[in-house]
Amino acid sequence: MKLPATETDIILIKQMLQNNPGRGINRSNNPKVYEKEAYYKEYQSLNNELKPHLKFENQGTLLLLISGFLNTKNFKQTTTQGTPSKILDTMSYVQLHLGENLTVAELAERVNQNQDYFSKQFLIHTGQRPLNYIHEKKIERAQYLIATTNKSFLEIALDTGFSNLPHFSKIFKQIVSLTPGEYRNKNDFYLNN
């Protein structure tokens, strides 16, 4: 589920960033790089040094941010209990291979299923068609890169598995309702104010 950030959300996130210096995954956009034990130990060390009142403030802030998702008409409790392992595996594979040109045919072949059957099962269990899911995850990564780096839009397009800038921009606009440039300007405004 996606919700637009409110002014309060932005203030809360800025406060968390201020309370927690040195955090983030901006060393890399690849989970294989930043999901390493060394990073977890570094973050654990930073957490151990955090003053008790800031730990409580962080927890309260996170609960406030999460509550915004729970208080919407679109919220529904979901469970992965009934989701087939092949669908869960595909979702994980997509997340780990965002920089590649993924196709539905390739994903179906990976789990030894017919493409049409795979697409139907993916839709039933995720509420999305596989290609839409791929695009959504790639654009989520692109949003992160736009907001946290000075990379060009072409570099970001290539980093997220798009072969050219026009296609990237078209998909970005479809999903975010803003062009990449508008999104960067909006985030620059929020981060600098």
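Take the sequence shown: its position 77, counting from 1, is numbered 76 in numbering that gives the first Met the number 0, and each next residue is one higher.
Think of the CB as a built atom: it goes at the ideal place given N, C-alpha and C, for glycine as much as any other residue.
Flag residue i as yes when its Cβ comes closer than 7 Å to any non-hydrogen atom of the ligand ZN, and as no otherwise.
{"i": "G81", "result": "The model depicted lacks the ligand ZN and carries no ligand whatsoever."}
Among residues of its own chain, excluding the 5 on either side of residue i, which ones have a beta-carbon nearer than 6 Å to its beta-carbon?
{"i": "T79", "result": "Since pLDDT at T79 reaches only 47, below the 50 mark, its modelled position is unreliable, and the value read off the structure follows with that caveat. Hits under 6 Å: none found."}
{"i": "E154", "result": "none"}
{"i": "F171", "result": "I138, P179"}
{"i": "L53", "result": "N18"}
Could you check which residue in the options has the C-alpha nearest to that of residue i?
{"i": "E181", "options": "Q142, S44, T159", "result": "Q142"}
{"i": "K85", "options": "L122, E154, E56", "result": "L122"}
{"i": "T102", "options": "T178, T7, F161, K1", "result": "F161"}
{"i": "F55", "options": "Q114, Y42, N19", "result": "N19"}
{"i": "P83", "options": "N57, I9, L177, Q112", "result": "Q112"}
{"i": "Y132", "options": "Q43, F167, V93", "result": "V93"}
{"i": "L144", "options": "A156, Q127, E135", "result": "A156"}
{"i": "T60", "options": "A146, L16, R140", "result": "L16"}
{"i": "I10", "options": "L63, L45, L49", "result": "L63"}
{"i": "F117", "options": "Y39, Y42, L49, M90", "result": "M90"}
{"i": "K1", "options": "N184, N186, Q14, S176", "result": "S176"}
I want to see whether chain C comes within less than 8 Å of residue i, judged by CB atoms only; does it?
{"i": "F161", "result": "Any reference to chain C falls outside this structure, which holds one protein chain only."}
Tell me the DSSP secondary structure of residue i in three-state form.
{"i": "V103", "result": "helix"}
{"i": "S118", "result": "helix"}
{"i": "L49", "result": "coil"}
{"i": "K150", "result": "coil"}
{"i": "T79", "result": "Note that T79 scores 47 on pLDDT, short of 50, meaning its location in the model is unreliable and no value can be drawn from it."}
{"i": "Q180", "result": "Just to set this straight, residue 180 is Gly in the shown sequence, not Gln. G180 falls in the helix class under three-state DSSP."}
{"i": "N113", "result": "coil"}
{"i": "R22", "result": "coil"}
{"i": "Q127", "result": "coil"}
{"i": "T89", "result": "helix"}
{"i": "E160", "result": "It should be pointed out that residue 160 corresponds to Gly in this sequence rather than to Glu. The answer is coil: DSSP assigns G160 none of H, G, I, E or B."}
{"i": "K172", "result": "helix"}
{"i": "G98", "result": "coil"}
{"i": "K1", "result": "coil"}
{"i": "N57", "result": "helix"}
{"i": "N186", "result": "helix"}
Here's a check: name, in chain order, each residue in its chain whose Cβ is nearer than 7 Å to the Cβ of residue i, leaving out the five neighbours to either side.
{"i": "P3", "result": "none"}
{"i": "G98", "result": "D158, T159, G160"}
Cutting at 8 Å between CB atoms, please list the residues of its own chain near residue i, excluding the five before and the five after it.
{"i": "E135", "result": "Q127, I174"}
{"i": "N163", "result": "A156"}
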